[in-house]
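Asks: Residue numbers (our numbering): 244 to 729. Ideal Cβ placement from N, Cα and C applies to all residues, glycine included. If you're wondering where the values come from, they're calculated on a predicted model, not measured in any experiment.
1) Rounded to whole angstroms, how far is the Cβ of residue 646 from the Cβ of residue 726, which I believe are closer than 8 Å?
2) Any idea what DSSP makes of residue 276, helix, strand or coil?
3) Quick check on DSSP: helix, strand or coil for residue 391?
4) Do you know whose CA, among 663, 303, 560 and 631, lies nearest residue 541's CA?
5) Tell me whether residue 361 sits in a helix, a strand or coil according to DSSP, three-state version.
6) In the structure shown, what three-state DSSP assignment does residue 630 receive?
7) Smallest Cα separation from residue 599: which of 569, 588 and 582?
8) Work out the CA separation of residue 622 and residue 508 for me, nearest whole Å.
9) Just reading off the alpha helix (DSSP H) that residue 727 is part of, what are its end residues?
10) Give the DSSP-derived three-state secondary structure of residue 591 in the structure shown.
11) Let me know the secondary structure DSSP gives residue 568 once reduced to three states.
12) Over the uninterrupted alpha helix (DSSP H) stretch that includes residue 735, give me the two end residues.
13) Taking only three categories from DSSP, how would you classify residue 409?
14) Tell me which residue opens and which closes the alpha helix (DSSP H) that residue 418 is part of.
15) Taking residue 471 as the reference, give the member of 462, 479 and 324 with the closest Cα.
16) Run through DSSP, which three-state label would residue 547 get?
17) Tell me residue 346's beta-bridge partners as DSSP assigns them.
18) Is the beta carbon of residue 416 less than 8 Å from the beta carbon of residue 348?
19) Using beta-carbon positions only, say whether residue 474 and residue 286 come within less than 8 Å of one another.
20) What beta strand (DSSP E) runs, 3 residues minimum, are completely inside the stretch 618–695?
21) Do residue 717 and residue 304 come within 8 Å of each other at the CB atom, strictly closer than that value?
22) Leaving out five residues on either side along the sequence, give the residues of the same chain with a beta carbon under 6 Å from the beta carbon of residue 496.
23) Residues in its own chain within less than 6 Å of residue 420 by CB, not counting five upstream and five downstream?
24) Do you know whose CA, among 516, 546 and 515, lies nearest residue 529's CA?
25) As a quick exercise: from 281, 320, 400 and 383, pick the residue whose alpha carbon is nearest that of residue 730.
26) In chain order, which continuous runs of the beta strand (DSSP E) of length 3 or greater are located wholly inside the stretch 424–474?
27) I need the straight-line Cα distance from residue 430 to residue 311, nearest angstrom please.
28) Does residue 526 come out as helix, strand or coil in the three-state DSSP assignment?
29) Identify the continuous alpha helix (DSSP H) that holds residue 295 and give its terminal residues.
30) Considering only residues of the same chain and omitting the five flanking positions on each side of residue 666, which have a CB-CB separation below 8 Å?
31) If we count the other Cβ atoms within 10 Å of its Cβ and call it buried at 16 or more, is residue 511 buried or exposed?
32) Starting from the C-beta of residue 436, find all residues in its chain whose C-beta is less than 7 Å away, skip the five residues before and the five after it, and write them out in chain order.
33) Taking residue 269 as the reference, give the member of 438, 460 and 523 with the closest Cα.
34) Since residue 484 is in the beta strand (DSSP E), which residue starts that stretch and which ends it?
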């Protein structure tokens, strides 16, 4: 073949690749633009009333327990509005209690919608807080306290939307449930897992769940951006305990191998599991949505995240951001290592450790464990499973997801909705096991500081955020029923 023909062939291949790169784009989401008629309401007045209830709710210190008191508080609000509810206690642990209330629709057999949140909160060390964490103090527009964001704030938003549906006599095509659950913060043994295992009948006739797991954010992904990250998937958990044993010795004459060294060698290799970046459909759609609010050339790359060449550019961005790494990898965190030292010059006979591994949906948690266990044998490290849980995912074209995506952008002009894969786990992982389609969103725009307050210090939520959340929830419920009726 002549040089001329070779040159023409190369140019043709380059032209084909360029055309492919330009033409190839990922699929974005398909929001449903709101069509339903919505009553005119004074959301400002409603949010002021809701703020007082949130303050009272925060003052009930439901720290990984004592949910019964929180459930009774919510029940009292429902009773004042004439809505019956019931409390379900965990056998032998009456403080671990969940609350359920329902409004019936025309067809009670299918497509019901559940608004769920959890009553328990994590610990808070008062000395780290500027304002006592269980005081529920309001300063200006802001309510302070543990649980304001995670997730008593969401619980009050959902409760008020539920109350509005009842008080405004909104006709429901399908059942609507308000469900406040115990024990989410400690993986739900006394809450969602218990309800799924022992009270599965309460979910009959329901299809969709609105839970936590995603948040609205402002100025985080891109400066000036307003992004509602709707959680539709979450990673699974592989929690492992490690133990290496060997002959003890003197620190001055180390053997070729000993317990601590074996453990470190093992940990060094096991971290390689988290080196592979994977962009699946939901993450590709997430990047695509960000492309809608990005300038060129970023927009061009984000909308083509799985293009082989452009992926190399995007991968460097992913590698520099721990949140993006968590969304696109099976991550490995070393959460404990202890050689049980008795002296600096003593090589001890035993070293223990722990791993927190989070796996993307689609990976088999048992197979993952067996592979790591086999790797441990190579280094003389005994690996045992403390907790194994698969990742879970709900469809990106689910009706509730599309309604949420359309409603949030209508309520907050200039915002976008994105599908979001959560690195952490919520009660949705158990609810998805019984076929429910779960989506997570705290429907308010939060700053990075407000998001950092989750499980951190100085957690707070503003009254204006409560207002936005109540409005989005109320309008979404009405729109969902409108769409079901079509």
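Replies: Answer, in terms of the structure:
1) 6 Å
2) coil
3) coil
4) 560
5) strand
6) strand
7) 569
8) 7 Å
9) For residue 727, the enclosing alpha helix (DSSP H) has its first and last residue at 706–728.
10) coil
11) The answer is helix: DSSP assigns residue 568 an H, G or I state.
12) Because the chain is modelled from 244 through 729, residue 735 falls outside the range shown and cannot be assessed.
13) helix
14) Note, residue 418: premise wrong, no alpha helix (DSSP H); not H, not E.
15) The residue among 462, 479 and 324 with its C-alpha nearest the C-alpha of residue 471 is 462.
16) coil
17) 419
18) yes
19) no
20) Correct list: 624–632, 659–665 and 680–689.
21) No Cβ-Cβ contact shorter than 8 Å links residue 304 with residue 717.
22) For residue 496, where only same-chain residues beyond five positions count, there are no Cβ hits under 6 Å.
23) 345 and 357
24) 546
25) The requested residue 730 is not part of the displayed model; the chain covers only 244 to 729.
26) 449–461
27) 18 Å
28) helix
29) 286–301
30) 477, 478, 566, 569, 570, 574 and 601
31) exposed
32) Setting aside the 5 residues that flank it on each side, residue 436 is surrounded in the same chain by 673, each with a C-beta closer than 7 Å to its C-beta; the list follows chain order.
33) Measuring C-alpha to C-alpha distances from residue 269 to each of 438, 460 and 523 identifies 523 as the nearest.
34) 479–488
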